[in-house]
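There are 4 protein chains.
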Amino acid sequence: MVLKKKFGIIGGDLRQIYVAEKLRRDGNKVEICGFDSTKKCHPNLKISSLSKVVSSSDYIIFPVPVSRDEAHINAPFSAMPILIDESLASMLKNKVVFGGIISPLMERVKHSEVCLNDYYNREDIMVLNAVPTAEGAVKLVLEESICTISGSNFLVVGYGRIGKVLAKLLKNMGARVTVSSRNFKEIAWAKIENFEIVNLSTINCSLKFDMVFNTVPAPIFNCENLSLFDPKPLIIELASPPGGISKDLAKKFDIKVIPAPGLPGKYFPQTAGEIIAKTIYKIIQEENL
Amino acid sequence: MVLKKKFGIIGGDLRQIYVAEKLRRDGNKVEICGFDSTKKCHPNLKISSLSKVVSSSDYIIFPVPVSRDEAHINAPFSAMPILIDESLASMLKNKVVFGGIISPLMERVKHSEVCLNDYYNREDIMVLNAVPTAEGAVKLVLEESICTISGSNFLVVGYGRIGKVLAKLLKNMGARVTVSSRNFKEIAWAKIENFEIVNLSTINCSLKFDMVFNTVPAPIFNCENLSLFDPKPLIIELASPPGGISKDLAKKFDIKVIPAPGLPGKYFPQTAGEIIAKTIYKIIQEENL
Amino acid sequence: MVLKKKFGIIGGDLRQIYVAEKLRRDGNKVEICGFDSTKKCHPNLKISSLSKVVSSSDYIIFPVPVSRDEAHINAPFSAMPILIDESLASMLKNKVVFGGIISPLMERVKHSEVCLNDYYNREDIMVLNAVPTAEGAVKLVLEESICTISGSNFLVVGYGRIGKVLAKLLKNMGARVTVSSRNFKEIAWAKIENFEIVNLSTINCSLKFDMVFNTVPAPIFNCENLSLFDPKPLIIELASPPGGISKDLAKKFDIKVIPAPGLPGKYFPQTAGEIIAKTIYKIIQEENL
Amino acid sequence: MVLKKKFGIIGGDLRQIYVAEKLRRDGNKVEICGFDSTKKCHPNLKISSLSKVVSSSDYIIFPVPVSRDEAHINAPFSAMPILIDESLASMLKNKVVFGGIISPLMERVKHSEVCLNDYYNREDIMVLNAVPTAEGAVKLVLEESICTISGSNFLVVGYGRIGKVLAKLLKNMGARVTVSSRNFKEIAWAKIENFEIVNLSTINCSLKFDMVFNTVPAPIFNCENLSLFDPKPLIIELASPPGGISKDLAKKFDIKVIPAPGLPGKYFPQTAGEIIAKTIYKIIQEENL
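In order, the protein sequence lines correspond to chains A, B, C and D.
For the numbering used here, add 75 to where a residue sits in the first sequence, where the first one is 1.
For the numbering used here, add 75 to where a residue sits in the second sequence, where the first one is 1.
For the numbering used here, add 75 to where a residue sits in the third sequence, where the first one is 1.
For the numbering used here, add 75 to where a residue sits in the fourth sequence, where the first one is 1.
Next comes the structure, spelled out in structure tokens:
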């Protein structure tokens, strides 16, 4: 999709550099700001000041999350903080603005004529991100384990987007994968993929899981079901907080929990950035922006 | 799941015999009626009269669809027609009754104290049935084609339950599979499975599809997009009527359309029957029947 | 690969028509004979007399097997028998001749200056043919069974070319596949594909195989190991005679054996013909013919 | 397989600790020496002196390679060097001895009555090791790349044991994989797996490979074919020296080459050790040792 538009990228981590780089490679005009303290910035990208980036662009792209403190743009590579204030709001007037988790920005610009779009609360980007999340989990396993994934015995808890993609990836790599879910639709899908299904509350101690991957953002592990695991497995926590197991419980059962948030951006910034760029294209096309 | 219950199976095709046989094998007491004109009835099953089947059972199972004419139970293997009348309704009083597409029955029994359950309008049975549907489509292809599926070039139109399962099965058998869908969530799922995606309205004539599988129950093919196919492909019509292409259009473009309704029951009656039996177990468990 | 050569196709079944048709489509000049009693001959193919086909061609292609009686060319669609005699031998002088299982022809032409090539005794064509053989076995299963392949429990005996391709295909279709082999290299390959491995002489009766596929051309089944199977499975015999089980043994154990020879030519003549054509191209290139 | 034998493990890296641990877990008596300078030694293993290990064992297991300098046992975790001398040779008299690449040992013990077995020159161990090698390559890729494997474009050079397993693993993870081989049997196998096949000498510059995996232990890359690659890819060198590309050539074409020898032992010592233990069981069984 060739747009030949003017994009401004403001703040964010390595992913946003790859958003910018993909937009540029596709033939768009791109300026960026908020990357002055990193050397990883792509040499072809044009760095400008905040006001210049905004004034010379039709489309402004903020990172995901837009802010970590509700006051500043999330810009870890920026030497100077970028305030979310009236000045920014007025600069953005009449621009088409994109961001992920946009509520902090929304408050400030609601009185201005800003077309504000959240590229992160869409089903499609969450599906596409399941792939780098699952591969990131594989990377974690390969770093933690002294055994191959092929032949290992894994439990995937939850069979939504990430559970589906991860269970299939591990199986395709030769692992024996068991799935646990309480949702009867998800169970039907897991069954037709020929996964073994278990109920956490009746885990058989003959199932000796090498690792457990949790994708359910709820305290799904408790004393009862944890006591059924023998040996106590390593848990890779893929769900956002509170996650599936509390620190206290993990300590009580001497279970090692590896928190694994934000794997796409952390391990595969280029893939994650390109997914964001494609989603922005999609929004522009759908909304005729 | 051992229930040790009394089941009565009334009418239906070969599938219902396998529903009965699975229930019996699982340790339940089973009587059947409506199978007096077939020799395929399993030797271990007890055949009784309608009234005896009903009176000696706690759970009554009708076929899918319950009726084809709104007046009689769908019972192709019954020598005598089984009327859906007041007499049947009163016999069913206080029974737990199961059927697929139950509206004809519902009318009659609505004033009686009958616990009527539709086992066919559930997401899980539709997901489970996608497997025999997809394998049935593979059987059709193997009967129609003088080429192997491996190396063939297929288009799957629609990427819902059946589209997902079929596209993956054909790919797993070595085919090159392209997917077409207008639903952006479905497209995201097809992308992460690395299928090529096409828009029917911009089909490239360089894509020489050996066969097209339609899963969309809407007239998705029209003069415009059909004129883009070269050569004109064989269409396997998996969607329920009206299906994706009208007879007139198919004739105009000299396209062979193979209607393929009801593949699970037609080709895999044992698998289809066991799926029904498991779904009935599920309902009994969920509803505490 | 464009050769722009003159090919003559003499005798054979439907496969040879697809050999001819592929050669023609690739831009070569093709004449055929021995297909006067079939209507399935492709309309674009030029039919000539035996002498005309030979005289106007540089490359002569006989079928596989070249002969079934050592006296005539195997030509089931020919109204007239084609004798393998001195006359044929002298016609072939100075021609490049291809055939499958060529010994009957070899005897006759050994004193003539004929460049005789067997396209069927090569490792590559046998590997390529494993795919239509395995898919043909799948077609047989789908015709025989009232259950889907997904979820079925199969044993593949032998893990050579056909065993490897078949076991993988069945697994990719969702079956549970166990492999039996006595060759330690084959066992290592089966292990890394995560197949369960069994020794026929210690088959556990808890393994309830729905079907057994034999690919070993030796009497591998005997009273001892057959008595271990419970229930007695259906055997699909893919090995060439004598196959894995004698008629007497099958009768004694009341085991149904489905002989399945020559599946590529029988079920997928176009794929099988194109494999032959490509192999002939390969020989021409390798041998600079 | 329960042997209840006495094993002595002498020297080697982490793998040998897992050989020992597997033997012990299987119910054998195990003593080890040569691991006094590592803390990774499994707490259940009994550490003894060289002479005690040998005298109290029936089976002696040396590492792979047995020696790196032809003079000492390869024992990186030993505080003291273990000499391959007459003393060792005489201690081993009447023992069953195993090692990988045993020539240095063979020289010394040839006059003694030692039953010396090489567990590393067998087809089956090499097949089994292809899995940790391929997964190790995946680990390398995940460490090097900022893109997911899914969607990446890889070339696998050589389609022997490692090429076959690696190409399939990368494809199963969603990569687009092209295979290059000069062996016509390997090409047939790659074709039926539906890999794209290329000839290195006619690489099309439209194939933009993200990485190239070399498995051919011969200088297969040269000025001619390297000049065809655009962009210049990263090469993961899986072949043993000399490998596929010289340092000079890599420098000339500014190609980054990542040497990747011994991945099973390096990344997956437990899997690699268990493969060795199973192979030793196999030899004991085959040879009735």
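From the three backbone atoms N, C-alpha and C, an ideal C-beta is built for every residue, glycine too.
Exposure of residue i, with buried meaning 16 or more beta-carbon neighbours within 10 Å
i       : result
R236(D) : buried
C108(B) : buried
S281(C) : exposed
K353(A) : buried
Q360(D) : exposed
E299(A) : exposed
K97(B)  : buried
R100(A) : exposed
P113(B) : Residue identity differs from the one stated: residue 113(B) is Thr in this sequence, not Pro. Flag for T113(B) reads exposed.
N169(A) : exposed
S256(D) : buried
A242(A) : buried
A205(C) : buried
K246(A) : buried
E106(C) : buried
F82(B)  : buried
Check whether residue i and residue j have beta carbons under 8 Å apart
i       : j       : result
I224(D) : A250(D) : yes
E238(D) : V254(D) : The sequence given here has Gly at residue 238(D), not Glu. Yes, the pair counts as a contact, with Cβ atoms nearer than the cut-off.
I135(B) : G86(B)  : no
G175(A) : P138(A) : yes
L364(C) : V171(C) : yes
V232(B) : F288(B) : yes
L191(C) : L203(C) : no
Y342(B) : G211(B) : yes
Y195(B) : I358(B) : no
I272(D) : I262(D) : yes
P334(D) : P317(D) : no
D111(A) : A154(A) : yes
P344(A) : T208(A) : no
M286(D) : M248(A) : no
I355(D) : F173(D) : yes
L301(C) : F284(C) : no
T290(A) : L309(A) : no
K79(B)  : D133(B) : no
K260(B) : E145(A) : no
P336(C) : S321(C) : no
Neighbouring residues, chain D, relative to residue i (Cβ below 8 Å)
i       : result
S112(B) : Those do not exist, as S112(B) stays about 48 Å from chain D at its closest Cβ, beyond 8 Å.
Near the ligand GTP: residue i beta-carbon under 7 Å from a heavy atom
i      : result
R90(B) : The ligand GTP is absent from the structure shown, which contains no ligands of any kind.
Neighbouring residues, chain C, relative to residue i (Cβ below 7 Å)
i       : result
C222(B) : F343, Q345 and T346
Per-residue contacts from residue i into chain D (C-beta, under 9 Å)
i       : result
M155(A) : None at all; the shortest Cβ gap to chain D is about 26 Å.
G249(B) : I267, E268 and N269
Listed by chain order, chain C residues near residue i by CB distance under 8 Å
i       : result
S131(A) : Residues of chain C passing the Cβ test: none, with the nearest at roughly 53 Å.
Amino acids of chain A, ordered along the chain, whose beta-carbon sits closer than 7 Å to that of residue i
i       : result
S225(D) : V206 and E210
Chain B contacts from the stretch 254-275 of chain A (Cβ-Cβ distance under 8 Å): So the close ones are F259, K260, I262, A263, W264, K266 and I267.
- request: Scan the stretch 125-171 of chain D and note each continuous beta strand (DSSP E) run of 3 residues or more that stays entirely inside, going in chain order.
  value: Complete beta strand (DSSP E) runs here, min 3: 134-136.
task: Run through the stretch 284-322 of chain C for me and flag every whole beta strand (DSSP E) of 3 or more residues, listed as ranges in chain order.
output: Qualifying beta strand (DSSP E) stretches, in chain order: 286-289 and 309-312.
- request: Select from the stretch 187-218 of chain B all residues with a C-beta closer than 7 Å to any C-beta belonging to chain A, and list them in chain order.
  value: Listed by position along the chain: E198, D199, V202, L203, A205 and V206.
task: Please list the residues of the stretch 230-244 of chain C that have a C-beta atom closer than 7 Å to any C-beta atom in chain D, keeping them in chain order.
output: Under the 7 Å Cβ criterion, the stretch 230-244 of chain C contributes V240.
message: Any C-beta of chain D within less than 7 Å: which residues of the stretch 346-364 of chain A qualify?
response: Legend: CB atoms of the stretch 346-364 of chain A lying less than 7 Å from CB atoms of chain D belong to residues T346.
- prompt: Mind pulling the alpha helix (DSSP H) runs of 4 or more residues that sit fully within the stretch 229-283 of chain D?
  reply: When DSSP assignments are scanned along the stretch 229-283 of chain D, the uninterrupted stretches of alpha helix (DSSP H) that are 4 or more residues long and fall wholly within it turn out to be 236-247 and 259-267.
- prompt: Which ranges does the beta strand (DSSP E) cover as unbroken runs of at least 3 residues, wholly within the stretch 167-220 of chain B, from first to last along the chain?
  reply: Runs found: 171-174 and 190-193.
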